[in-house]
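Using the working numbering, the letters of the sequence shown correspond one by one to residues 919 to 1095. Report on the structure given below.
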Amino acid sequence: MRSHRVAAATAMLLLGACGTRSNALDAPASTTTTTQPAASTTTAVGETPPLALGQPGKTRDGNTIRVLSWVQPVASSGPLEPDLNQVYAAAEIEICAGRRGAPRVSPEVFAVQLEDGSSRGRTYFGPQQPELGDAKLVADQCVQGWVNFEVPSGHRPSYVVFKGSSHLRWLAGGRTR
C-alpha cells in the first residue's frame, strides 16, 4: 500500500511541477514533424498512460484535446530569438468543447516535460503561427492553434502535457522515464 502512495505522490509531483490551473478548461526555416509515438514507456501507478500524437484525450469535464503534431526546431523570425542554447519548438493543439462548453480555453495549461523530468511552460511570443489563444467555446465548438516552447538545443521533450482540469500527456519523441 505504501509503494502505491509513493508512486502516486511521485506522479503528482512530476505533473504538479508544471503547476495546475484547476479552472482552465473546467466546464472549460527547417523543421521536423513527429507523428509517430516513441517506443515503450513506463507509467506510475495511478498515472494515465501517455497518448500518441493525434490521439484524443478526454478531460473530466467532457472536453477533448488532441496534440496533432510536434515541430522542432521552429525557425525564428524577425526579432524573435530563443535564449542561448535553446531552440523554438511548437505543439499544434486542437481543443473541442463537450456538451457543456468550455468557458476558458488557454495555452497556459500546456507545458513540455523534458527528459530529466523538469518542465517548461509556453513561450509567449514564439514564431509558429497561428497561436492557440484564449477562447470561450460553446458546446461542440473546436479551436486549433500552436503553442510555442523553448527547449534545450539537441534535446527533445518527452511529453507535451495538459495540466488543466485533468492531467494528460502526449509523446513528443524524446527519451521517456
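Every residue, glycine too, gets a C-beta built ideally from N, C-alpha and C. All of these numbers come straight from a predicted model, not from anything done at the bench.
Residue i, DSSP secondary structure in three states
{"i": "proline 968", "result": "coil"}
{"i": "valine 1027", "result": "helix"}
{"i": "glutamate 1012", "result": "strand"}
{"i": "glutamate 1049", "result": "strand"}
{"i": "glycine 1092", "result": "coil"}
{"i": "glycine 996", "result": "coil"}
{"i": "glycine 1063", "result": "strand"}
Residues bridged to residue i (per DSSP)
{"i": "arginine 1087", "result": "Val1079"}
{"i": "lysine 976", "result": "Thr982"}
{"i": "proline 1070", "result": "Gln1004"}
{"i": "leucine 1055", "result": "Ala1020"}
{"i": "valine 1037", "result": "Contrary to the premise, residue 1037 reads as serine rather than valine in this sequence. Partner(s): Gln1031."}
{"i": "serine 987", "result": "Glu1010"}
Cβ pair residue i, residue j closer than 8 Å
{"i": "phenylalanine 1043", "j": "valine 1079", "result": "no"}
{"i": "tryptophan 1064", "j": "proline 968", "result": "no"}
{"i": "threonine 1008", "j": "valine 989", "result": "According to the sequence shown, residue 1008 is alanine rather than threonine. Cβ atoms of alanine 1008 and valine 989: closer than 8 Å."}
{"i": "alanine 1020", "j": "isoleucine 1011", "result": "no"}
{"i": "glycine 972", "j": "leucine 986", "result": "yes"}
Same chain, Cβ closer than 8 Å to residue i, five either side skipped, listed in chain order
{"i": "arginine 1038", "result": "Ala1029, Val1030, Leu1032, Phe1067, Glu1068, Val1069, Pro1075"}
{"i": "leucine 1049", "result": "A small correction: the amino acid at residue 1049 is glutamate; leucine does not occupy that position in the sequence shown. Correct list, in chain order: Pro1025, Gly1063, Trp1064, Val1065, Asn1066."}
{"i": "glutamine 1047", "result": "Trp1064"}
{"i": "alanine 1057", "result": "Ala1015, Gly1016, Arg1017, Arg1018, Gly1019"}
{"i": "valine 992", "result": "Thr949, Val1005, Tyr1006, Ala1007, Ala1008, Gly1044, Pro1045, Gln1046, Asn1066"}
Same chain only: Cβ atoms within 7 Å of residue i, ignoring 5 sequence neighbours per side
{"i": "glycine 1092", "result": "Glu1033, His1073, Arg1074, Pro1075, Ser1076"}
{"i": "alanine 1053", "result": "Val1023, Val1061"}
{"i": "glycine 980", "result": "Gly1016, Arg1017, Arg1018"}
{"i": "serine 994", "result": "Pro1000, Tyr1006, Pro1045"}
{"i": "leucine 1086", "result": "Thr966, Leu969, Gly975, Ile983, Phe1080"}
{"i": "glutamine 1151", "result": "Lying before the first or after the last residue shown, residue 1151 is absent from the chain, which here runs from 919 to 1095."}
Close Cβ partners of residue i (< 6 Å) along its chain, the five nearest in sequence each way excluded
{"i": "proline 974", "result": "Thr982, Arg984"}
{"i": "threonine 1041", "result": "Asn1066, Phe1067, Glu1068"}
Below-8 Å beta-carbon distance, residue i vs any chain D residue
{"i": "phenylalanine 1028", "result": "Among the chains of the structure shown, chain D does not appear; only one protein chain is present."}
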